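Scroll down for the structure; my scribbles are underneath it.
Chains as they are written, first to last, in the numbering used here: chain A, 1 to 335; chain B, 1 to 280.
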């Protein structure tokens, strides 16, 4: 490439002889026939924006401001709120750890803790097993492969509350389509009250959460499956390994990194879930399906006790922190 | 697939499981559709076959458009999603570029911070955030969501794009700079065009996330005319114990169609956004 004489000349002219700060404007740059960058309206290359760290700070500023205002600040405000007796429309007073003490003694909260762990554990397990199975099925070659793969992701992409409404209708006490099938098959004498019975309600919310999350596991794991070299399977074939042996000794170990990331992400989202329970049961019957988020919502917004609600939300924090620390540790170790 | 694979094996290992998953994953959508075009006489009759419609009707759809604020909610959702996606994309491109290309003090802390905020669920902060939004006098306006959705979107846009920028060879930029382009010009005219696929993935994913968001919209908006589709359908179409199942399902279906359409046009980009955002 030719030395860029023209631009050097320009710069020589433009270096301010009087030591004035050099104004920088971003003009348009055109590539001329000789393949030389010609700058128009650009006064100098030595402005503030050429200093790496200044440009960097300017570039991260918008993200930093938004995240500080609407994540860091609310987080600190939340800790403060949780130590006050603030009620909607009134000034709150500092009450120390009183909210936390009250919450820990409440039966509903203890029930909620248990619910949340059952919900997260069982739903994640279902998503893992069925998501992996779906990924293995979709990894075959078949007609309309792209169309089928794309349609399998639908439960994950459409608004959760809207698809959950369809499930609410399918679980309807009188017109449940599941009951219609069960009755016709003669499996039950009378229709099940899906959302009215504590145990069945828990089963229902877990099923819907799993239904929504399976595609996410499947697509992420499918992406992982496709990075496994076919050579490994061919080598195993030569050694006479069966399908099961190949699955345990090749597929699972090779999937492990993706699997772990997807699991962690899913555990966080499920643990902090709100929408499925809000639409299906609102935490009922008799608090048997309340999660941290739905209980916090009920206390803070339905009853107006903001301080106590903020404290309930914050109970999620230690668990989430543990997961994040684990993940950061894992990422460092991988590098 | 080995050559000697028999049909029976393929039936049990592939066709039956595939059929099972197709029914499991897609039945609710069929159910929404069939419900939305059933007359009430068939809808609320335990004896009629639920899987079919004998006298299809558009009454629920007409009700949705004529008697509810659905179109208003759709416009609100569109405006909020586009604006917050634009804000997040611009901030994400800038921050992602800085993280992947520039040396600055605090870069690693900023990167870790972005990663952590990416994992903060909305339900952890919605109560104090409502206070913040209230203090800024933004409650019940679209700006309550336009300014808070980026907290969900910026972290993954930044994360995804900084990963994408790293895959573009540094030499391209260096050539441009030797030829006299400034850093900013090199970024805008060399890197951004090459990063278009990544930007598109981030944008599509951000748009669907803000279209689908529920809890902030539920908490920060209260007037029926300000609501977004997910909140409007759930809170305004269900009044007390009276459910208009036909129009509810029509609304649920219609509220899902825009994201489903965008997704079907950009499947590959969406999947990149999804897996990229997860893997980082």
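Each residue gets a CB set at the ideal place from its N, CA and C atoms; glycine is no exception. Since we're looking at a predicted model, the values are computed, not measured.
| query | What number of angstroms, rounded off, separates the C-alpha of residue 186 (chain B) from the C-alpha of residue 271 (chain B)? | reply | Within the second chain, residue 186 (chain B) is the residue found at index 186, counting from 1. Within the second chain, residue 271 (chain B) is the residue found at index 271, counting from 1. Taking the straight line joining both Cα atoms gives about 29 Å.
| request: Count the C-beta pairs between the region 98-106 of chain A and the region 81-90 of chain A that are closer than 8 Å, then say yes if the count reaches three, no if not. | output: The region 98-106 of chain A, when compared against the region 81-90 of chain A, does touch it at the 8 Å Cβ threshold.
| said: As an exercise, report each continuous alpha helix (DSSP H) stretch of at least 4 residues that is fully enclosed by the region 171-216 of chain A, in chain order. | reply: Listed in chain order, the complete alpha helix (DSSP H) runs (minimum 4 residues) inside the region 171-216 of chain A are 177-184.
| query | On the three-state DSSP scale, how would you describe residue 94 (chain A)? | reply | Walking along the first chain from the start, residue 94 (chain A) turns up at place 94. Three-state result, residue 94 (chain A): strand.
| query | Going by Cα to Cα distance, which pick from B:150, B:172, B:267 is closest to residue 69 (chain A)? | reply | Taking the first residue of the first chain as position 1, residue 69 (chain A) is located at position 69. The residue with the shortest Cα to Cα distance from residue 69 (chain A) is B:150.
| field | Buried versus exposed, by CB contacts within 10 Å (16 or more), residue 291 (chain B) | value | Absent from the model: residue 291 (chain B). The displayed extent of chain B is 1 to 280, so no value can be given.
| Does any CB atom of chain B fall closer than 7 Å to the CB of residue 274 (chain A)? | Counted from its first residue, the first chain places residue 274 (chain A) at position 274. Output row for residue 274 (chain A): interface = yes.
| request: Compare the C-beta of residue 232 (chain A) against all C-beta atoms of chain B and say whether one is closer than 7 Å. | output: Taking the first chain and counting its residues from 1, one reaches residue 232 (chain A) at position 232. Contact of residue 232 (chain A) with chain B is not assigned, every C-beta pair being separated by 7 Å or more.
| Is the number of C-beta pairs between the region 287-306 of chain A and the region 167-187 of chain A that are closer than 8 Å three or more? | no
| Between the C-alpha atoms of residue 217 (chain A) and residue 95 (chain A), what's the straight-line distance to the nearest angstrom? | Looking up residue 217 (chain A) in the first chain gives position 217. Looking up residue 95 (chain A) in the first chain gives position 95. Answer to the nearest angstrom: the Cα atoms are 44 Å apart.
| field | Cβ neighbours of residue 206 (chain B) in the same chain (closer than 7 Å, five flanking residues each side left out) | value | Position 206 of the second chain, counting from 1, holds the residue named residue 206 (chain B). Result list for residue 206 (chain B): 85, 88, 89, 153, 157, in chain order.
| request: Check whether the Cβ of residue 255 (chain B) lies closer than 7 Å to any Cβ atom in chain A. | output: By 1-based counting over the second chain, the position of residue 255 (chain B) is 255. At least one chain A Cβ lies under 7 Å of residue 255 (chain B).
| field | 7 Å Cβ cutoff met for residue 59 (chain A) and residue 98 (chain B) | value | As a working note, residue 59 (chain A) is residue 59 in the first chain. As a working note, residue 98 (chain B) is residue 98 in the second chain. The answer is yes: Cβ separation under 7 Å.
| request: Determine, using beta carbons only, whether residue 300 (chain A) comes closer than 7 Å to chain B. | output: Counting from 1 along the first chain, the entry for residue 300 (chain A) is found at position 300. Yes, residue 300 (chain A) lies at the interface with chain B (some Cβ there is under 7 Å from its Cβ).
| request: Select from B:183, B:102, B:142 the residue whose C-alpha is nearest the C-alpha of residue 225 (chain B). | output: Position 225 of the second chain, counted from the first residue, corresponds to residue 225 (chain B). Answer by Cα proximity: B:142.
| Does the pairing of the region 244-253 of chain A with the region 272-279 of chain A give three or more beta-carbon distances under 8 Å? | Too few Cβ pairs lie closer than 8 Å, so no.
| Short CB-CB distance (under 7 Å) between residue 131 (chain A) and chain B | Counting from one through the first chain, the residue named residue 131 (chain A) turns up at place 131. It does not; no Cβ of chain B falls within 7 Å.
| query | Excluding five sequence neighbours on each side, which residues of the same chain lie with their C-beta closer than 7 Å to the C-beta of residue 53 (chain B)? | reply | For the purposes of this step, residue 53 (chain B) is identified with residue 53 of the second chain, where counting begins at 1. Only 34, 37, 38, 42 meet the Cβ criterion.
| query | Is any beta-carbon of chain A found at less than 7 Å from that of residue 91 (chain B)? | reply | In the second chain, the residue the question calls residue 91 (chain B) occupies position 91. Yes, because at least one Cβ of chain A sits closer than 7 Å to the Cβ of residue 91 (chain B).
| Which residues does DSSP pair with residue 238 (chain B) in a beta bridge? | Translated into positions along the second chain, residue 238 (chain B) becomes position 238. According to DSSP, residue pairing for residue 238 (chain B) in a beta bridge involves B:243.
| According to the Cβ coordinates, are residue 127 (chain A) and residue 210 (chain A) closer than 7 Å? | As a first step, residue 127 (chain A) is located in the first chain; it is residue number 127 there, counting from the start. As a first step, residue 210 (chain A) is located in the first chain; it is residue number 210 there, counting from the start. Yes, they are a contact pair.
| Any chain A beta carbon closer than 7 Å to residue 197 (chain B) | The residue you call residue 197 (chain B) lines up with position 197 of the second chain. Not closer than 7 Å to any Cβ of chain A, the Cβ of residue 197 (chain B) fails to qualify, so no.
| task | Return yes when the Cβ of residue 203 (chain B) is within less than 7 Å of the Cβ of residue 161 (chain B), no when it is not. | result | By 1-based counting over the second chain, the position of residue 161 (chain B) is 161. By 1-based counting over the second chain, the position of residue 203 (chain B) is 203. Not in contact: residue 161 (chain B) and residue 203 (chain B) (Cβ atoms no closer than 7 Å).
| Are the C-beta of residue 285 (chain A) and some C-beta of chain B separated by less than 7 Å? | Against the first chain, residue 285 (chain A) aligns to sequence position 285. In terms of beta-carbon proximity, residue 285 (chain A) stays away from the interface with chain B, with every pair separated by 7 Å or more.
| task | Evaluate the contact criterion for the region 313-327 of chain A versus the region 120-134 of chain B: three or more CB pairs, one atom per stretch, below 8 Å. | result | yes
| request: Return the residues of the region 96-124 of chain B that lie within a Cβ-Cβ distance of less than 8 Å from chain A, sorted by chain order. | output: 97, 98, 99, 102, 103, 104, 105, 107, 110, 112, 113, 114, 115, 116, 117, 119, 120, 121, 122, 123, 124
| message | Considering only their Cβ atoms, is the gap separating residue 199 (chain B) from residue 173 (chain B) smaller than 7 Å? | response | Position 173 of the second chain, counted from the start, is the residue given in the question as residue 173 (chain B). Position 199 of the second chain, counted from the start, is the residue given in the question as residue 199 (chain B). When the beta-carbon positions are compared, residue 173 (chain B) and residue 199 (chain B) stay at least 7 Å from each other.
| said: Is residue 265 (chain B) close to chain A? Criterion is C-beta to C-beta, closer than 7 Å. | reply: As a working note, residue 265 (chain B) is residue 265 in the second chain. False, the Cβ-Cβ gap to chain A never drops below 7 Å.
| field | Test item: CB-CB of residue 255 (chain B) and residue 159 (chain A) under 7 Å | value | Residue 255 (chain B) sits at position 255 when you count from the first residue of the second chain. Residue 159 (chain A) sits at position 159 when you count from the first residue of the first chain. Yes, the pair counts as a contact, with Cβ atoms nearer than the cut-off.
| Mind pulling the chain B residues with CB within less than 7 Å of residue 57 (chain A)? | Within the first chain, numbered from 1, the residue matching residue 57 (chain A) stands at position 57. Correct list: 104.
| message | Residues of chain B with CB closer than 8 Å to the CB of residue 186 (chain A), please, in chain order. | response | Working through the first chain from its first residue, we reach residue 186 (chain A) at position 186. Neighbours of residue 186 (chain A) on chain B: none; closest Cβ ~16 Å, over 8 Å.
| said: 7 Å is my cut-off, CB to CB: does residue 152 (chain A) come that close to chain B? | reply: Reading the first chain from its first residue, position 152 is the one you call residue 152 (chain A). By this cut-off, residue 152 (chain A) is an interface position.
| field | Three or more C-beta pairs below 8 Å linking the region 163-176 of chain A and the region 191-208 of chain A | value | yes
| task | Determine, using beta carbons only, whether residue 119 (chain B) and residue 268 (chain A) come nearer to each other than 7 Å. | result | Within the second chain, residue 119 (chain B) is the residue found at index 119, counting from 1. Within the first chain, residue 268 (chain A) is the residue found at index 268, counting from 1. Here residue 119 (chain B) is near residue 268 (chain A), since their CB atoms are less than 7 Å apart.
| query | Would you say residue 271 (chain B) faces chain A, with C-beta separation under 7 Å as the test? | reply | As a first step, residue 271 (chain B) must be located in the second chain, where it is residue number 271. Chain A contact via Cβ: present.
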